[in-house]
Every structure is written in C-alpha cells, then in structure tokens.
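**Student:**
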Amino acid sequence: MISIHLKEIIQEALKEDIGMGDLTSESIFPSAHKSKGTFIAKSEGVIAGLEALSIIYNFLGADVEVRFYKKDGDKVSKKEVVATVEGSTRVLLSAERVILNIIQHLSGIATSTSEVIKLLNDESITVTDTRKTLPGLRSLQKYAVKCGGGKNHRFRLDDGVMIKDNHIKAAGSITKAVERVRSNIGHMVKIEVETESKDQVLEAVEANVDVIMLDNRTPAEITELVKVIPDNITVEVSGGITPKNINTFRGCGANVISLGWLTHSVKALDISFNLNT
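Rendered as structure tokens:
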C-alpha cells in the first residue's frame with residue numbers, strides 16, 4: 000500500500016472520529032489497563048488495508064502488539080481470524096471504528112473485484128477500475144482493486160490522454176482533438192478516445208490512437224466493432240457493466256473492461272473486532 004496516502008487519510012479520520020478524546024473509554028479504563036482483541040471476518044472475501052492497524056495504533060502513541068494471520072490480497076473465510084492485537088484498552092477501543100471503516104471498505108472493493116473477474120471468466124480481458132472514486136480515497140480504493148486481482152486505469156488527469164465526448168464536441172471532431180493533443184504532448188503519452196458510433200470508431204482508427212473505448216455498447220455490438228479495429232489498438236469497453244451482466248461480455252473481443260461500479264457501488268466486507276480482557 001502507498002503508506003504516505005494512508006497516513007494522511009488516517010490522520011484526518013482520527014481527528015474526525017476521536018476529536019479531543021474518547022470520553023467513554025478514558026472514563027472507564029486507566030491508561031495502564033491492557034486488553035487483547037481479535038479481528039474476525041464475518042463473511043468470506045478478499046482482505047485489503049491491513050496496514051491501517053499498525054499505522055493507527057502508532058498515531059495514537061500506543062505500543063500495541065499486532066499479529067497478522069492474513070495479508071492483503073488473501074482470501075478469508077467466514078469466522079476466520081484476520082489479526083490479533085494486545086495493548087492499551089483505551090487505544091484498542093478508540094481505534095476500533097476507524098480501523099474497521101478502512102479495512103471493511105477496502106476489503107469490500109477487493110472482494111467485489113475478485114468476484115467480477117471470476118464471473119467474467121475470460122483471461123484475455125483485463126478488468127480495471129475508473130476515476131469514479133470517493134474524494135480523497137482514490138489511491139486506497141485503486142490499491143484495493145489490485146488486491147482483488149484487477150488493474151488500475153488512470154489515477155489522475157495527468158496520467159494519460161483520454162478524449163471523451165465533450166472534448167470531441169468542443170474540438171469539432173476526433174481527428175481535430177487528436178491532432179491538437181499530439182501537437183502538445185510527448186511521444187511517451189498514450190491517447191485513448193471514447194467512441195459512441197461505428198463512424199467514430201473508424202475515425203479513431205484512422206487517427207491511429209492507442210486505445211479505443213467502446214462506450215455503452217452491447218456485447219453483440221462490440222463483437223462487430225472490434226473487427227474494424229487493428230490489433231495494435233487496445234479495445235476498452237465501459238458503461239453500465241456490473242456483476243449482473245459482466246458474464247455476457249465474455250469472448251466479446253475486448254482487451255479491457257473498466258467498471259466504475261468497483262469503487263462507487265460496492266458493499267463493505269463484514270469484519271468485527273472482539274475485545275478479550
């Protein structure tokens with residue numbers, strides 16, 4: 000995981016959740032009181048975000064012993080122990096919600112990514128995320144996608160050129176947009192064009208772009224459109240693809256399927272924390 004991003008997010012999360020202090024835990028337990036705790040998966044899935052445990056305990060200034068039984072990217076079964084901790088009761092309880100929020104959310108993304116890849120069942124197609132992420136959490140959400148076996152699309156607008164419908168409308172055509180891009184960027188930057196019709200696909204092919212996105216097309220339409228796209232151009236499909244229909248894209252001829260669903264509509268993996276004094 001990219002620790003620097005996680006640390007920044009954790010710092011803000013702790014400020015948000017703890018505020019000036021945990022009134023309940025600090026009122027009940029003296030600072031020297033020690034406890035043991037266990038993180039347990041309550042449903043099967045793929046784990047992600049475990050680095051958060053050590054970082055959060057360190058932020059709270061406590062010497063907490065953490066023992067991991069799983070690592071990021073591992074599959075976990077229902078009722079399986081993910082990690083055990085031992086240290087200050089105050090800290091274990093104060094950190095509980097922030098830790099669970101992070102690992103439940105990231106594990107949910109990793110689990111959903113793994114499930115989507117299994118449902119697609121086509122090794123010739125790479126499953127990727129999109130930029131449809133929660134503000135401030137992009138690096139972590141994209142990390143979780145990788146834990147689930149997927150790949151990352153652009154992280155940011157400066158990662159690559161992606162000419163979308165509004166760019167095309169404002170520029171006047173795909174050809175004009177591509178020409179302007181090539182006059183302003185270096186040869187190392189790939190160019191992707193989003194298309195909505197066969198005419199646009201043919202224009203993008205003529206412009207010799209690196210990637211052509213077939214947006215909101217049916218599997219049958221994609222199968223026909225890839226026939227006019229040369230092998231040196233990567234074919235990406237996107238738009239309205241979810242676990243309910245991704246299997247219908249198996250064997251469609253695309254190289255990449257990108258799903259915003261992976262990061263904006265997933266369900267958290269159910270993980271609990273049980274304290275044992």
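In this text, residue positions in the sequence shown follow numbering that gives the first Met the number 0: the first is 0, and each later residue adds one. Where a beta carbon is used, it is the ideal one built from N, C-alpha and C, also for glycine.
1. Verify whether the separation of the beta carbon atoms of M152 and D128 is less than 7 Å.
2. I'd like to know whether the C-beta atoms of D157 and V97 end up nearer to each other than 7 Å.
3. CB-CB under 6 Å to G238, same chain, minus the five flanking residues each way: which ones, in chain order?
4. What three-state label does DSSP hand N42 in the structure shown?
5. May I ask you to report which of helix, strand or coil DSSP gives T174?
6. Is the CB-CB distance between T283 and V208 below 7 Å?
7. Would you mind sorting R89 into buried or exposed? The rule is 16 or more other CB atoms within 10 Å of its CB.
8. Taking Cβ positions, are S113 and G148 nearer each other than 7 Å?
9. Measuring alpha carbon to alpha carbon, tell me which of M161, F58 and T262 ends up nearest S111.
10. Give the DSSP-derived three-state secondary structure of Q107 in the structure shown.
11. Would the beta-carbon of A285 fall within 7 Å of that of D71?
12. Taking 7 Å as the threshold (C-beta atoms), are V180 and V204 in contact?
13. Can you list, in chain order, the stretches of the beta strand (DSSP E) that have 3 or more residues and sit fully within the region 111–136?
14. Hey, how far is the Cα of E56 from the Cα of V210?
15. Among S2, S53, Y68 and A94, which one has its Cα closest to the Cα of T23?
**Tutor:** The structure says:
1. The question names Met, but residue 152 is His in the sequence shown. Result yes, Cβ atoms of H152 and D128 sit closer than 7 Å.
2. no
3. D214 and N215
4. It should be noted that the sequence gives Ser, not Asn, for residue 42. Here S42 sits in coil by DSSP.
5. helix
6. Summary: the structure shown does not reach residue 283, with the chain confined to residues 0 through 276, and so no result is reported for it.
7. buried
8. yes
9. T262
10. Before going further, note that residue 107 is Gly rather than Gln in the sequence given. Looking at G107 - three-state DSSP - the assignment turns out to be helix.
11. Residue 285 lies beyond the stretch modelled for the chain, which goes from 0 to 276, so this question has no answer here.
12. no
13. 125–127
14. Note on residue identity: the sequence assigns Tyr, not Glu, to residue 56. Approximately 44 Å, taken between the alpha carbons.
15. A94
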